[in-house]
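Participant:
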Amino acid sequence: QQQVKQSPQSLIVQKGGISIINCAYENTAFDYFPWYQQFPGKGPALLIAIRPDVSEKKEGRFTISFNKSAKQFSLHIMDSQPGDSATYFCAAPIVNDYKLSFGAGTTVTVRA
Amino acid sequence: NAGVMQNPRHLVRRRGQEARLRCSPMKGHSHVYWYRQLPEEGLKFMVYLQKENIIDESGMPKERFSAEFPKEGPSILRIQQVVRGDSAAYFCASSPETGGYIYGYTFGSGTRLTVV
Chain A
1 QQQVKQSPQS LIVQKGGISI INCAYENTAF DYFPWYQQFP GKGPALLIAI
51 RPDVSEKKEG RFTISFNKSA KQFSLHIMDS QPGDSATYFC AAPIVNDYKL
101 SFGAGTTVTV RA
Chain B
113 NAGVMQNPRH LVRRRGQEAR LRCSPMKGHS HVYWYRQLPE EGLKFMVYLQ
163 KENIIDESGM PKERFSAEFP KEGPSILRIQ QVVRGDSAAY FCASSPETGG
213 YIYGYTFGSG TRLTVV
C-alpha cells in the first residue's frame, strides 16, 4: 500500500506562477520530510527538507509547509521557471531512520 | 567527481539472462541503499547494506535478486534470470557514517534496465 500519498500526478503552470504539490502520510518513525527533484535520465536530488520544529521552511523560491496534526506537508514553488520543469517526489521515514517511503511523484511543466 | 557512481547507465538483457548493477558510494560514505523505480511510480526501497553486511533486505524480491557490498569494490545488485517485469530504473544512494542516515542520502544517476 502507498504510505505517502502525493497529489497531483502532474501539473502545468505558466512561467511566474505558483506550483503546489501536496503529500499526506499516516505515521512516521520520526519527523523528517524531504522533497526530491528529478530530471529525465537523472537520479533524485534533494531539493529541500524540513524537520518540523517549525511549520514552514523556505529556501529561495521553494517553500515547505507542514501540518503535523493533519499529517500533511506541501511544496510551493514560487515564480516558477522553465528550468523547474521536473518530477518532484515527497518522502518520509515511515518505518525507521534509514528507509524512505516516496510519494508517486508529480511532473511539473512550466510553460514559458 | 565525488558523487555516487552507478554503472552501467543503461543495460539491456534478454529474458533469462543475468543483470549486474554496480554502485560506488560517495567518498566517506559507508552505507548503501538500493531503490527501484517503476515507470510512473515513486522509488521503492529494496535493500540497505554496510561493508560486508546486509542490514535490511525487506524490499528485495525473495527470488532471483541479491545484493552485496564487499570490503573492497562497489556494491553489486544482481538479478538472475531476468523477466520483463524487472525493467525499471535502479537507483543507489549512500549516506555517511554519522549524523543520521537519511539526512545525508545522496542518489546516483541510476541504471535503467530493459528486459527484452
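Chains A and B, in that order, give the protein sequences. For the record, in the first sequence the residue sitting at position 58 is 58 according to the working numbering, with numbers rising by one throughout. For the record, in the second sequence the residue sitting at position 105 is 217 according to the working numbering, with numbers rising by one throughout. Where is the CB? At the ideal position from N, CA and C, for every residue including glycine.
Around the Cβ of VAL110 of chain A, are there at least 16 other Cβ atoms within 10 angstroms (buried) or fewer (exposed)?
Facilitator: Indexing the first sequence from 1 puts residue 110 of chain A at position 110. Result: buried.
Participant: Since PHE157 of chain B meets chain A, which of its residues come closer than 8 Å, beta carbon to beta carbon?
Facilitator: Counting from 1 along the second sequence, the entry for residue 157 of chain B is found at position 45. Under the 8 Å cutoff, chain A gives LYS99, LEU100 and SER101.
Participant: How big is the Cα-Cα spacing for ALA200 of chain B and GLY17 of chain A?
Facilitator: The sequence position of residue 200 of chain B within the second sequence is 88, counting from 1. The sequence position of residue 17 of chain A within the first sequence is 17, counting from 1. About 33 Å.
Participant: Quick one: Cα of ARG61 of chain A to Cα of HIS76 of chain A, how far?
Facilitator: The count along the first sequence starts at 1 and reaches residue 61 of chain A at position 61. The count along the first sequence starts at 1 and reaches residue 76 of chain A at position 76. About 8 Å.
Participant: May I ask you to check if the CB of PRO93 of chain A is nearer than 8 Å to at least one heavy atom of the ligand GTP?
Facilitator: Ligands displayed in this structure: none; no statement on the ligand GTP is therefore possible.
Participant: Could you round the C-beta distance between LEU100 of chain A and ALA91 of chain A to whole angstroms and report it? I think they count as a contact, below 8 Å.
Facilitator: Within the first sequence, residue 100 of chain A is the residue found at index 100, counting from 1. Within the first sequence, residue 91 of chain A is the residue found at index 91, counting from 1. Correct: roughly 4 Å between the Cβ atoms.
Participant: What number of angstroms, rounded off, separates the C-alpha of ASN165 of chain B from the C-alpha of ARG148 of chain B?
Facilitator: Mapped onto the second sequence, residue 165 of chain B falls at position 53. Mapped onto the second sequence, residue 148 of chain B falls at position 36. Near 20 Å, if we compare the C-alpha coordinates of ARG148 of chain B and ASN165 of chain B.
Participant: How about the region 128-139 of chain B and the region 29-39 of chain A: do they share at least three Cβ pairs that are nearer than 8 Å?
Facilitator: Output reads no: the region 29-39 of chain A does not touch the region 128-139 of chain B.
Participant: For GLY60 of chain A, decide whether its Cβ has a neighbour in chain B, counting only Cβ atoms nearer than 9 Å.
Facilitator: Here the question's residue 60 of chain A lines up with position 60 in the first sequence. Closer than 9 Å: no.
Participant: How far does the beta strand (DSSP E) with PRO208 of chain B in it reach, from first residue to last?
Facilitator: Counting from one through the second sequence, the residue named residue 208 of chain B turns up at place 96. Unbroken beta strand (DSSP E) run through PRO208 of chain B: 200-208.
Participant: Are the region 161-179 of chain B and the region 191-200 of chain B touching by the rule of at least three beta carbon pairs closer than 8 Å?
Facilitator: Because the criterion of three Cβ pairs below 8 Å is met, the region 161-179 of chain B and the region 191-200 of chain B touch.
Participant: Between the C-alpha atoms of GLY83 of chain A and ILE21 of chain A, what's the straight-line distance to the nearest angstrom?
Facilitator: The count along the first sequence starts at 1 and reaches residue 83 of chain A at position 83. The count along the first sequence starts at 1 and reaches residue 21 of chain A at position 21. Taking the straight line joining both Cα atoms gives about 17 Å.
Participant: Run through chain A and tell me which residues come within less than 9 Å of GLY220 of chain B, C-beta to C-beta.
Facilitator: Locating residue 220 of chain B in the second sequence gives position 108, counting from the first residue. Result: GLY43.
Participant: Compare the C-alpha of VAL228 of chain B against each of B:GLY171, B:GLU153, B:TYR215 and B:LEU123 and name the closest.
Facilitator: Walking along the second sequence from the start, residue 228 of chain B turns up at place 116. Answer by Cα proximity: B:LEU123.
Participant: Per DSSP, what kind of secondary structure is ASP79 of chain A in: helix, strand or coil?
Facilitator: Position 79 of the first sequence holds residue 79 of chain A. Reduced to three states, the DSSP call for ASP79 of chain A is coil.
Participant: Among A:GLN6, A:PHE39 and A:PRO34, which residue has its Cα nearest to the Cα of CYS23 of chain A?
Facilitator: Here residue 23 of chain A refers to the residue found at position 23 of the first sequence. Cα-wise, what sits closest to CYS23 of chain A is A:GLN6.
Participant: Let me know the secondary structure DSSP gives ARG111 of chain A once reduced to three states.
Facilitator: Residue mapping note: residue 111 of chain A aligns to position 111 of the first sequence, counting from 1. It is a strand residue.
Participant: Here's a check: name, in chain order, each residue in its chain whose Cβ is nearer than 6 Å to the Cβ of ARG224 of chain B, leaving out the five neighbours to either side.
Facilitator: As a working note, residue 224 of chain B is residue 112 in the second sequence. These residues qualify, in order along the chain: HIS122 and ALA201.
Participant: Skipping 5 residues on each side, what residues in its chain have a beta carbon closer than 7 Å to that of ASP79 of chain A?
Facilitator: Within the first sequence, the letter at position 79 stands for residue 79 of chain A. Closer than 7 Å at Cβ, skipping near neighbours: GLY16 and ARG61.
Participant: Check whether the Cβ of TYR25 of chain A lies closer than 9 Å to any Cβ atom in chain B.
Facilitator: By one-based count along the first sequence, residue 25 of chain A stands at place 25. Chain B contact via Cβ: absent.
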